[in-house]
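The sequence shown maps to residues 15 to 638 in this note's numbering.
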Amino acid sequence: MKKVFCLLLSFVMVLSIASAVNLFAYADENDTEITEEVTEPAEPTNPVDSEEPTNPVDPEEPTEPVDPEEPTNPVDPEEPTNPVDPEEPTDPVDPEEPTDPVDPEEPTDPVDPEEPTDPVDPEEPTDPVDPEEPTNPVDPEEPTEPVDPEEPTNPVDPEEPTEPVDPEEPIKLDAPAVELIVNDNGTFTMFWNKIDGADKYEVYVLNNSTGKYQLNGTVAKTSATTALAPYGVKYSYKVRAINTENEEIASDFSEVVTGINNKKLATPNLKAAENKNGTFTLSWNAVAGAEKYELCIRNADGSYKLMKTTSANSFTTAVAAYGKDYAYKMRAVTSKNVDAASAYSAVVGAVNKVALQTPSLKTAVNSNGTFTLSWGKISGAEKYELYIKQTNGSYKLMKTTNSTSFTTAVAVYGKQYSYRMRAVRGKLVSAYSAAVNQKNTIRLQSPALKVTVNKNGTFTLSWNKVAGADKYELYIRQANGSYKRMKTTSANSFTTAVAAYGKKYYYKAKSLSGKNSRITSALGVAANAVNHKKLTAPAGVKAVVNKNGTFTLSWNKVAGADKYELYIKQANGSYKRMKVTTANSFTTAVAKKGKAYSYKVRAVKNSNGSAASAYSSVVNAKRK
């Protein structure tokens, strides 16, 4: 019996040890770090507690290693049979048919998937769950539930929702009920009820050309007013409610509403006011829906013609003819609807009773032979017309100006001129002023002429500036001849061409002023001069023998010379003229080999052969 009892006691102890090993293997499932080849370095007989605990999991004498509040299963505090998976797990760790509580892929050892003998601690641990002596494998602060601290059965949604994204069915907006009215100004206004859940409303209009509806506008309020509709055209509209926060939330379209604009524009009330300057100001009330206004004026035959189209509601005419009756009417129009134009207003008349005063004209002769015409300013006048008449002629318009004075061009000496003028404002004119006559009695002084003979045989004529003169005429006379005009210039000096050698010349000058030189002086006192200066001989004469057997002769230009005479001499011969040229170089024909040539040149003035220069120095050339 004693032997039997001992055998039973041994059997119970074996079962207890085996059960303790399985519980620790499960507890090690939640360990995050597992090392290889851990073989119980401290020879522990019990795998959990290093302080001689008889129970491996709970340091306070627990018989169950996972739950400190007497749970039979280590994971789930609400009596779950499987600690990890809430949906019918048979194994406490792995929800996919694990046979071992720690390793889901056929582990033989309960703690370490790579042959560990100790289930919890990778660095020589005696406890399988917590490296800092924790008895619970999931939570280092003695949690009994490793997954959810608030007893959730579903890991995603804390409020047991079955649909995690959309808790409610999509919002469906009601279709608006729309009413349309035609306004007196030809526009349409639509009204509809407010729709719960909508923040905007889309208004669609039927395109009569395509037969399709298109978006006409989006509004936040429950009404919309269109632009002016063309007269007599039918328009169709429909509206739907939308939620702009969700593009998919939109109501069905409302019933279609239609409208036709049969409203013509109102007739303007036209008024006319006569202004002090002889103009009329036409004014009228603004007409709703009108874009422009057409103003018409009556013709002489009683018909009306379009005078002005304007978007304003007033217009001032040009100056009307004095004492003439004018009649006006108008209507309101819109380019969008020609047929909707208003009826014409009542005709209004106006008469210009404002006449311009007649100017008083004065004239004065200026020292330069011009006339200054002046007059007083006429009230209401915009401009003034000046007329001129010469002797035995008729008046012609000379100048239109808005000033009160005008200076004429220089008048011809001794000739009489007549002037008159009138004030003008648009078509309204004053009577002509009394005519004034004027004659130019002013003559310019004659220039005091001087002549200087230059070294090159030219003459320089100079004179003093004459007050009032803008140009000068120079005249020349040779011995036993008459004076002829030689030059007109605005300067007060002039240099002649080279004069003939030894010949005497006479010069005079007079002053000119004004357009076409209408005012002049008498010819001044004559001045004369004689050229005793011959041309200088050419210098720098050179002869270059070219490779082709020719000679190139060159020399400096001579002031006053027109041409150059080139002379040649062969051995034992005399000089003969070879070439006359206007250039200062010349290339000869090919020379004979071994023969010597001599050359010289002189300057010549065509108009005076006697003023030819002396010959240059001789240059020689020989072809080798």
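Every residue gets a Cβ at the ideal spot worked out from N, C-alpha and C, and that includes glycine.
By the DSSP assignment, the beta strand (DSSP E) with residue i in it spans what residues?
{"i": "W569", "result": "It is not in any beta strand (DSSP E) - W569 carries neither H nor E in the DSSP assignment."}
{"i": "R499", "result": "K498 to T503"}
{"i": "G363", "result": "V362 to V365"}
{"i": "Q584", "result": "K577 to Q584"}
{"i": "G273", "result": "V271 to I274"}
{"i": "Y2", "result": "No information on residue 2 is available, as it lies outside the stretch 15 to 638 that the chain covers here."}
{"i": "D339", "result": "D339 to V347"}
{"i": "W206", "result": "F202 to W206"}
{"i": "Y307", "result": "K306 to R312"}
{"i": "V559", "result": "K556 to V559"}
{"i": "F508", "result": "S507 to T509"}
{"i": "G538", "result": "It is not in any beta strand (DSSP E) - G538 carries neither H nor E in the DSSP assignment."}
{"i": "L488", "result": "K485 to Q492"}
{"i": "K636", "result": "V633 to K636"}
{"i": "S419", "result": "S419 to T421"}
{"i": "A553", "result": "Taken as a continuous stretch (DSSP letters only), A553 belongs to no beta strand (DSSP E), as it is neither H nor E."}
{"i": "S525", "result": "K518 to S527"}
{"i": "L296", "result": "F294 to S297"}
{"i": "S328", "result": "S328 to T330"}
{"i": "R439", "result": "Q430 to R439"}
{"i": "N221", "result": "K214 to N221"}
Which same chain residues, not among the five before or five after residue i, have their C-beta less than 7 Å away from its C-beta?
{"i": "N468", "result": "T474"}
{"i": "V544", "result": "G516, K517 and K518"}
{"i": "K501", "result": "L488 and F508"}
{"i": "K322", "result": "L309 and F329"}
Give me, in chain order, the residues of the same chain whose beta-carbon lies closer than 6 Å to that of residue i; leave out the 5 immediate sequence neighbours on both sides.
{"i": "N640", "result": "Lying before the first or after the last residue shown, residue 640 is absent from the chain, which here runs from 15 to 638."}
{"i": "S237", "result": "F205"}
{"i": "S510", "result": "Checking the sequence shown, residue 510 turns out to be Thr, not Ser. Cβ neighbours of T510 beyond the five flanking positions: T472 and F473."}
{"i": "A378", "result": "T386"}
{"i": "F267", "result": "K252 and R254"}
Cutting at 8 Å between CB atoms, please list the residues of its own chain near residue i, excluding the five before and the five after it.
{"i": "N620", "result": "D576 and K577"}
{"i": "K547", "result": "V467, N468, K469, N470, G471, Y515 and A625"}
{"i": "W389", "result": "P373, S374, L375, K376, Y398, T418, S419, M435 and S447"}
{"i": "E380", "result": "The question names Glu, but residue 380 in the sequence shown is Asn. Within the same chain, N380 has close Cβ partners T386, T421 and I456."}
{"i": "W569", "result": "P552, A553, G554, V555, K556, Y578, N598, S599, V615 and S630"}
Please report the straight-line C-alpha distance between residue i and residue j, rounded to a whole angstrom.
{"i": "T330", "j": "T418", "result": "26 Å"}
{"i": "Y521", "j": "K561", "result": "55 Å"}
{"i": "K338", "j": "T203", "result": "50 Å"}
{"i": "Y611", "j": "I582", "result": "7 Å"}
{"i": "V217", "j": "T232", "result": "6 Å"}
{"i": "L488", "j": "A626", "result": "28 Å"}
{"i": "Y318", "j": "S359", "result": "13 Å"}
{"i": "V219", "j": "Y336", "result": "57 Å"}
{"i": "K235", "j": "N289", "result": "50 Å"}
{"i": "V480", "j": "R491", "result": "23 Å"}
{"i": "L567", "j": "S599", "result": "5 Å"}
{"i": "K186", "j": "K248", "result": "32 Å"}
{"i": "M592", "j": "G574", "result": "22 Å"}
{"i": "G428", "j": "S444", "result": "32 Å"}
For residue i, count neighbouring Cβ atoms within 10 angstroms of its own Cβ and tell me buried if that reaches 16, exposed if not.
{"i": "T534", "result": "buried"}
{"i": "K638", "result": "exposed"}
{"i": "T422", "result": "buried"}
{"i": "N283", "result": "exposed"}
{"i": "E259", "result": "exposed"}
{"i": "K524", "result": "buried"}
{"i": "G363", "result": "exposed"}
{"i": "N454", "result": "buried"}
{"i": "T293", "result": "buried"}
{"i": "S496", "result": "exposed"}
{"i": "G11", "result": "Nothing about residue 11 can be reported from this structure: the residues present for the chain run from 15 to 638 only."}
{"i": "A425", "result": "buried"}
{"i": "A395", "result": "buried"}
{"i": "L296", "result": "buried"}
{"i": "T384", "result": "buried"}
{"i": "R439", "result": "buried"}
{"i": "K252", "result": "buried"}
{"i": "V618", "result": "buried"}
{"i": "N313", "result": "exposed"}
{"i": "A255", "result": "buried"}
{"i": "A536", "result": "exposed"}
Does the distance between the C-beta of residue i and the nearest non-hydrogen atom of the ligand COA fall short of 8 Å?
{"i": "N478", "result": "As presented, the structure is devoid of all ligands, the ligand COA included, so that no description of it is given."}
request  = Mind the definition here: the segment 384 to 402 touches the segment 337 to 347 only if three or more C-beta pairs lie below 8 Å; say whether that holds.
outcome  = no
ask   = Would you call the segment 191 to 202 and the segment 268 to 284 touching, i.e. three or more CB-CB distances under 8 Å?
value = yes
query = Quick one: any contact between the segment 628 to 635 and the segment 553 to 572, if contact means 3 or more CB pairs under 8 Å?
reply = yes
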